[in-house]
Amino acid sequence: MNRDELIKALKCEDFTPYFEKADEIRKQTKGEEVFIRAIIEFSSYCTMKCKYCGLNCMNKKASRYRMEVDEILKVAYQAIDAGYRTIVLQGGEDPTFADGKKLAEVIRGIKSKDPGVAVTLSAGELAPEVLKFLKDAGADRYLLRHETSDRKLYAEIHPGKTLDERVETLKTLKGLGYETGSGFMVGIPGQSIESLADDLLLLKDIPCDMAGMGPYISHPDTPLAGNKNGSVELTKRCVALARILLPQANLPVTTAVGVLDLEERKKAFGCGANVIMRKVNPKKYKEAYEIYPADLGETDVVGERKDLEEMISSIGRIPL
Ligand code: SAH
């Protein structure tokens with residue numbers, strides 16, 4: 001699909017034919033399996049000023065923590081014992097982790113327990129030499145959403161940063177042999193439908209192995225407070241179009257979709273998605289890692305995985 005066709009589709013009255021097409025492609029390329037990934041948010045410290053994110057360094061109300069290597073490993077091992085085959089390590093741009101040494105220890109610890117478990121990093125724009133060091137330490141994948149392909153909007157909501165730098169890092173990741181994930185928020189204040197079409201084309205241009213699309217959720221302690229949340233319907237449309245553009249990609253139903261609407265989270269698997277992530281950290285860290293407000297319960301690594309497996313089986317898919 002070209003830009004005009006994408007814009008037309010995003011704006012159309014009845015999107016059903018595209019959802020059906022995306023579901024059909026997903027069946028052919030990815031089958032019925034849904035991958036469940038464990039996510040550990042290792043630090044809520046961040047030096048960035050992203051205007052939508054509750055962890056931006058200007059937010060004095062944010063609660064800050066950073067986990068030690070052995071603490072991260074303890075949670076990772078619980079997740080592996082519960083059946084997870086991918087551990088996602090996500091955090092703010094915390095200077096303590098910027099040289100990659102602690103993350104490398106975590107990666108080695110996970111691989112020594114089970115070399116078949118994949119490690120995905122999501123730690124922002126690390127220096128190219130650090131990304132190489134982490135790849136050599138055994139990291140398999142990297143998630144770094146481009147957030148918005150609208151240059152002006154990007155610069156506005158990421159003070160001091162540019163879209164070109166972000167895309168450059170994504171290309172570095174690809175060059176280093178990471179399975180590379182990008183993605184974007186849907187409904188950022190000031191975003192247009194046209195720019196969503198460009199977001200989708202950028203995923204293809206990189207080209208991404210994975211792509212996460214989630215609705216923007218307004219956080220009261222950020223400069224963008226008071227804006228309305230992004231649309232779940234429009235998010236699902238983006239997921240479906242991403243499946244059509246990138247038939248082989250791994251596409252999650254993002255956590256943000258579930259935060260806004262649990263029923264829609266289930267339905268989104270019929271729009272081309274084949275992945276879901278679950279937070280496995282203790283409740284105190286999940287609550288402190290407040291990129292956007294969400295209602296989070298006690299963590300039960302084994303029980304919550306079972307619940308997800310049941311949900312996935314109930315829609316006729318195979319949990320993995
Ligand atoms: N520091 C890392 C991880 C950021 S958190 C990085 O920069 O890549 C992961 C994702 O959460 C972000 O990429 C962003 O797309 C999303 N996010 C952050 N704040 C959000 C908000 N208020 N609403 C919806 N999604 C948000």
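Going left to right, the sequence shown walks through residues 1 to 320 as the working numbering numbers them.
We put the beta carbon where it would ideally sit given N, CA and C, even for glycine.
#1: Pull up the DSSP beta-bridge partners for T120, would you.
#2: With a threshold of 16 other CB atoms inside 10 Å of the CB of A76, please say whether the residue is buried or exposed.
#3: Per DSSP, what kind of secondary structure is I39 in: helix, strand or coil?
#4: Strictly by DSSP, which residues pair up with K323?
#5: What does the alpha-carbon distance come out to for the pair S192 and K283?
#6: Looking at S231 and ligand 1, is the gap between the Cβ and the nearest heavy atom below 7 Å?
#7: What are the partner residues of F184, as DSSP defines its beta bridges?
#8: For the alpha helix (DSSP H) holding V106, just list the boundary residues, first then last.
#9: Quick one: grab the DSSP three-state call for P319.
#10: Once you ignore the five residues that flank P247 on each side, which residues in its own chain have a CB closer than 6 Å to its CB?
#11: Is K113 buried or exposed, if buried means 16 or more other CB atoms sit within 10 Å of its CB?
#12: For the 8 Å Cβ check, are there 3 or more pairs between the stretch 184 to 199 and the stretch 210 to 223?
#13: Flag Q191 as yes when its Cβ comes closer than 7 Å to any non-hydrogen atom of ligand 1, and as no otherwise.
#14: Can you give the beta carbon distance from C46 to E5, rounded, assuming they're within the 8 Å contact cut?
#15: Within the continuous alpha helix (DSSP H) that includes I25, where are the two ends?
#16: Around the Cβ of K171, are there at least 16 other Cβ atoms within 10 angstroms (buried) or fewer (exposed)?
#17: For D70, count the other beta carbons within 10 Å of its own beta carbon; 16 or more makes it buried, fewer makes it exposed. Which is it?
#18: Can you tell me where the beta strand (DSSP E) holding K279 begins and where it ends?
#19: From the DSSP secondary-structure annotation, give me the bridge partner or partners of V253.
#20: Measure the C-alpha to C-alpha separation of K49 and H158 and round it to an integer number of angstroms.
#21: Under 8 Å, Cβ to Cβ, is there at least one residue of chain B near Y285?
#22: So, are the CB atoms of R265 and A22 less than 8 Å apart?
#23: Once you ignore the five residues that flank V257 on each side, which residues in its own chain have a CB closer than 7 Å to its CB?
#24: Below 8 Å on the Cβ atoms is my guess for G91 versus A123; work out the distance and round it to an integer in Å.
#25: Could you say which of S195, D205, V117 and Y285 lies nearest to S182 if we only look at CA atoms?
#26: Does E336 pass the burial test, meaning 16 or more other C-beta atoms within 10 Å, or should it be called exposed?
#27: Any contact between the stretch 52 to 62 and the stretch 312 to 319? By contact I mean 3 or more CB pairs, one from each, below 8 Å.
#28: Can you say whether A9 is buried or exposed, counting buried as having 16 or more other CB atoms within 10 angstroms of its CB?
#29: Within a Cβ cutoff of 7 Å, which residues of the same chain sit near A104, ignoring the five residues on either side of it in sequence?
#30: Do you know how far the Cα of L173 is from the Cα of R85?
#31: When you compare the CB positions of A240 and G212, do they come within less than 8 Å of one another, or not?
Once the coordinates are examined:
#1: V88 and R141
#2: buried
#3: strand
#4: Past the boundaries of the shown model lies residue 323; the chain is included only from 1 to 320, so the question cannot be answered.
#5: 36 Å
#6: no
#7: E147 and M213
#8: K101 to K113
#9: Residue state, collapsed to three classes: strand.
#10: I25 and T29
#11: If you draw a 10 Å sphere on the C-beta of K113, you find fewer than 16 other C-beta atoms in it, and that means exposed.
#12: These segments touch.
#13: no
#14: With a Cβ gap of about 38 Å, C46 and E5 do not count as contacting.
#15: T16 to K30
#16: exposed
#17: exposed
#18: V275 to K279
#19: I276
#20: Between the C-alpha atoms of K49 and H158 there is a straight-line separation of about 6 Å.
#21: Looking at the structure shown, chain B is missing, and only one protein chain is on hand.
#22: No.
#23: For V257, where only same-chain residues beyond five positions count, the Cβ hits under 7 Å are G214, P215, V232, T235, E264, R265 and A268.
#24: 5 Å
#25: D205
#26: Because residue 336 is not part of the residues shown, which for the chain are 1 to 320, the question remains open.
#27: no
#28: By the neighbour-count criterion, in which a residue is buried when 16 or more other Cβ atoms sit within 10 angstroms of its Cβ, A9 is buried.
#29: Around A104: F133, L134 and A137.
#30: 22 Å
#31: no
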